[in-house]
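Inspection log for the structure reproduced underneath, given as structure tokens.
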Amino acid sequence: MTIQEMLQRLNFSNLSPIQEQVIENFSKSQNIVGLAPTGTGKTHAYLLPLLENIKRKENAVEAVILIPTNELVMQVSKMLEETDPTVNYKSYYGSMDMEREAKKLENSHPNIVITTPAKLVDLVITKNALNLKHLDYFILDEADMMFDEDFMSLLDPVLVNQEIQKFMLFSATITRTMEPFIKKYFGSYIFLDTVKDTKLKINHKLIRVGDSRLKTLQQVIDRINPYLGIIFVSKNEDIKRVYETLIDKGLNVIQISSEIGVKQRKKILEDIFNNRYQYVVSSDLLARGLDFKASHVINYDLPYMLEFFKHRSGRTGRMGDEGDVITLFDDNDQKKIDKLRNKGVPFVLYTLSDNGLKSTQRKSKTYDKKIAEEIKKIPKPKRVTPGYKKKHQEEVKAAIKKVKKARYRNAALRKSRGA
Numbered sequence: 001m002t003i004q005e006m007l008q009r010l011n012f013s014n015l016s017p018i019q020e021q022v023i024e025n026f027s028k029s030q031n032i033v034g035l036a037p038t039g040t041g042k043t044h045a046y047l048l049p050l051l052e053n054i055k056r057k058e059n060a061v062e063a064v065i066l067i068p069t070n071e072l073v074m075q076v077s078k079m080l081e082e083t084d085p086t087v088n089y090k091s092y093y094g095s096m097d098m099e100r101e102a103k104k105l106e107n108s109h110p111n112i113v114i115t116t117p118a119k120l121v122d123l124v125i126t127k128n129a130l131n132l133k134h135l136d137y138f139i140l141d142e143a144d145m146m147f148d149e150d151f152m153s154l155l156d157p158v159l160v161n162q163e164i165q166k167f168m169l170f171s172a173t174i175t176r177t178m179e180p181f182i183k184k185y186f187g188s189y190i191f192l193d194t195v196k197d198t199k200l201k202i203n204h205k206l207i208r209v210g211d212s213r214l215k216t217l218q219q220v221i222d223r224i225n226p227y228l229g230i231i232f233v234s235k236n237e238d239i240k241r242v243y244e245t246l247i248d249k250g251l252n253v254i255q256i257s258s259e260i261g262v263k264q265r266k267k268i269l270e271d272i273f274n275n276r277y278q279y280v281v282s283s284d285l286l287a288r289g290l291d292f293k294a295s296h297v298i299n300y301d302l303p304y305m306l307e308f309f310k311h312r313s314g315r316t317g318r319m320g321d322e323g324d325v326i327t328l329f330d331d332n333d334q335k336k337i338d339k340l341r342n343k344g345v346p347f348v349l350y351t352l353s354d355n356g357l358k359s360t361q362r363k364s365k366t367y368d369k370k371i372a373e374e375i376k377k378i379p380k381p382k383r384v385t386p387g388y389k390k391k392h393q394e395e396v397k398a399a400i401k402k403v404k405k406a407r408y409r410n411a412a413l414r415k416s417r418g419a
């Protein structure tokens with residue numbers, strides 16, 4: 001399949017900056033390091049040109065896609081199938097019976113392998129089952145989550161003596177621990193930095209905790225109606241408490257954390273992708289890479305590691321959609337809030353009102369009574385869907401234009417009568 005055919009299959013009308021630049025540079029001889037914010041389509045940036053360019057040799061691994069978590073392996077596998085269902089691939093993750101998988105490799109090899117670093121080392125080194133002598137492409141996705149001090153020593157035995165045509169690395173940030181690996185294996189590479197080119201439409205709303213954090217969460221939920229809301233909670237014991245409280249409220253909700261087995265997590269992820277739930281209560285397990293169409297993210301608390309705030313926020317406002325990130329905070333959180341503000345997070349303080357969440361920030365434009373009445377006529381959906389905010393903004397603009405047009409017409413009429 002050509003890239004154009006795959007884009008039509010996916011119903012993609014526009015490419016993101018990282019997708020445009022990777023596709024443009026894929027055929028060049030240099031390796032690629034791609035830097036782009038979470039939620040801007042990094043995975044399709046490499047899948048599209050990869051699927052167009054692999055030769056699909058018989059019984060030969062041509063590409064390895066290395067991913068940090070089991071959940072992301074499942075997601076990328078799903079995305080690959082949706083992009084090109086004819087491709088011969090295999091994913092390895094979680095609690096799979098690796099002895100049985102190694103036995104299968106004696107008979108045939110897939111063209112593409114999607115797996116975690118530990119599983120790759122197990123198949124190539126420990127079990128000597130996966131043959132990489134035909135490997136052309138080695139891709140590292142969500143790399144900043146994967147690299148630690150031991151990462152290079154783990155992969156060195158796998159990559160030694162491999163004549164790989166192209167290395168590609170994709171990440172939201174470049175960390176110090178990546179530099180030795182890039183220096184050793186990438187040589188001459190093209191650096192694609194699309195962070196400045198990508199404007200995310202995320203509204204960061206702060207809500208001060210009242211009597212209790214759990215009660216404040218319930219009050220927020222009473223005032224929003226998300227297409228999908230992901231509630232991030234740092235402590236596992238709090239996840240259970242929040243989940244049970246929302247179940248008692250009669251909400252369509254599921255919980256997910258590392259304490260749940262891999263098979264059950266896979267089923268939960270499939271249900272979330274298929275829009276079975278309106279709310280997901282999650283640990284930071286879902287904070288990286290997973291491509292849900294979430295309209296709202298609620299931070300029940302702030303993450304222990306502040307860099308995860310960015311990853312949590314990246315679950316909404318994806319691929320040009322607008323999203324809300326609602327963060328509950330108290331006095332103990334103020335230092336973290338200040339640090340995030342200094343890093344560029346544009347927080348706005350909101351309060352709970354009868355109609356919803358009300359900004360404490362003065363608006364630069366005030367709408368008069370006539371415009372306000374016209375805006376009130378715009379029907380609200382029973383449930384927020386992807387693209388709703390953009391559509392609503394267009395309807396508001398149309399309402400304002402209608403009032404102004406009527407005023408202009410009336411003023412012109414009065415002027416002609418006066419003449």
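So for the sequence shown, full-length UniProt numbering puts the first residue at 1; every next one is plus one.
Cβ atoms here follow ideal geometry from the backbone N, Cα and C, with glycine treated the same way.
- Task: Alpha carbon to alpha carbon, how far is T216 from V124? Give it in angstroms, no decimals.
- Result: Residue numbering aside, residue 124 sits at position 124 when the sequence shown is read from its first letter. Residue numbering aside, residue 216 sits at position 216 when the sequence shown is read from its first letter. Each residue's alpha carbon lies about 51 Å from the other.
- Task: Could you tell me how far apart the beta carbons of residue 436 and V209 are, in whole angstroms, since I believe they sit closer than 8 Å?
- Result: Since the first and last residues shown for the chain are 1 and 419, residue 436 lies out of range.
- Assigned secondary structure, S364 (DSSP; H/G/I helix, E/B strand, else coil): To locate residue 364, count along the sequence shown from 1; it is residue 364. Note that S364 scores a pLDDT of 38, beneath 50, so its modelled location is shaky; the value from the coordinates is reported in the next line. Looking at S364 - three-state DSSP - the assignment turns out to be coil, as it is neither helix nor strand.
- Assuming I182 and V280 make a contact with CB atoms under 8 Å, what is their CB distance in whole Å? Indexing the sequence shown from 1 puts residue 182 at position 182. Indexing the sequence shown from 1 puts residue 280 at position 280. Going by Cβ atoms, the distance from I182 to V280 rounds to 35 Å, so no, they are not a contact pair.
- Item | Cut-off 6 Å between Cβ atoms - residues of its own chain near G314, not counting five sequence neighbours on either side | To locate residue 314, count along the sequence shown from 1; it is residue 314. Contacts found: T38 and G39.
- Nearest to L140 by alpha carbon, out of K401, S257, T116 and T126? As a first step, residue 140 must be located in the sequence shown, where it is residue number 140. Residue T116 is the option with its Cα nearest to L140.
- Taking the C-alpha atoms as reference points, what is the distance between P85 and L10? The residue labelled residue 85 in the question sits at position 85 within the sequence shown. The residue labelled residue 10 in the question sits at position 10 within the sequence shown. Whole-angstrom Cα-Cα distance: 12 Å.
- For I268, which three-state DSSP category applies? Position 268 of the sequence shown, counted from the start, is the residue given in the question as residue 268. The answer is helix: DSSP assigns I268 an H, G or I state.
- Task: Since I believe T175 is in contact with F147 (beta carbons under 8 Å), could you give me their beta-carbon distance rounded to a whole number of angstroms?
- Result: The residue given as residue 147 occupies position 147 in the sequence shown. The residue given as residue 175 occupies position 175 in the sequence shown. Right, the Cβ-Cβ distance comes to about 6 Å (below 8 Å), so this counts as a contact.
- Environment of R265 [buried if 16+ CB atoms lie within 10 Å]: To locate residue 265, count along the sequence shown from 1; it is residue 265. Classification of R265: buried, given that the 10 Å Cβ count is 16 or more.
- Task: Return the CA-CA distance between L105 and L130, expressed in angstroms with no decimal places.
- Result: Sequence index remark: in the sequence shown, residue 105 carries index 105 (1-based). Sequence index remark: in the sequence shown, residue 130 carries index 130 (1-based). So the alpha carbons of these two residues sit roughly 7 Å apart.
- Message: DSSP three-state label for S171, please.
- Response: For the purposes of this step, residue 171 is identified with residue 171 of the sequence shown, where counting begins at 1. Correct three-state label for S171: strand.
- Once you ignore the five residues that flank T366 on each side, which residues in its own chain have a CB closer than 8 Å to its CB? Residue mapping note: residue 366 aligns to position 366 of the sequence shown, counting from 1. Per-residue confidence for T366 stands at a pLDDT of 41, beneath the threshold of 50, marking its modelled position as unreliable; the derived number appears in the next sentence. Nothing listed; no residue qualifies.
- Query: Contact check, S171 vs D144 under 8 Å by CB: the rounded distance?
  - Reply: Reading the sequence shown from its first residue, position 171 is the one you call residue 171. Reading the sequence shown from its first residue, position 144 is the one you call residue 144. Indeed they touch by this definition, with Cβ atoms about 4 Å apart.
- Residues sharing a beta bridge with K166, DSSP: As a working note, residue 166 is residue 166 in the sequence shown. Note: K166 sits in a beta bridge opposite Y137.
- Message: Would Q30 and S188 be called neighbours here (beta carbons separated by less than 8 Å)?
- Response: For the purposes of this step, residue 30 is identified with residue 30 of the sequence shown, where counting begins at 1. For the purposes of this step, residue 188 is identified with residue 188 of the sequence shown, where counting begins at 1. For Q30 and S188, yes; Cβs fall inside 8 Å.
- Is there contact here, the region 3 to 18 with the region 131 to 138, by at least three beta-carbon pairs under 8 Å? They do not touch, by the three-pair rule.
- Shortest alpha-carbon distance to V348 belongs to which of N332, I326 and D333? As a first step, residue 348 is located in the sequence shown; it is residue number 348 there, counting from the start. Selection N332, I326 and D333 evaluated against V348 yields I326 as nearest (Cα-Cα).
- Message: Using 8 Å for Cβ pairs, my map puts L246 next to E71. What's the rounded Cβ distance?
- Response: Position 246 of the sequence shown, counting from 1, holds the residue named residue 246. Position 71 of the sequence shown, counting from 1, holds the residue named residue 71. About 22 Å separates the CB atoms of L246 and E71; that is not less than 8 Å, and the two are not in contact.
- Given F26 as reference, the closest of L169, K370 and N342 once Cα atoms are compared: What you label residue 26 is simply residue 26 of the sequence shown in a count that begins at 1. Of the listed residues, the one whose Cα sits closest to F26 is L169.
- Message: Which of the three DSSP states is assigned to R409 in this structure?
- Response: Mapped onto the sequence shown, residue 409 falls at position 409. DSSP places R409 in the helix class (H, G or I) of the three-state scheme.
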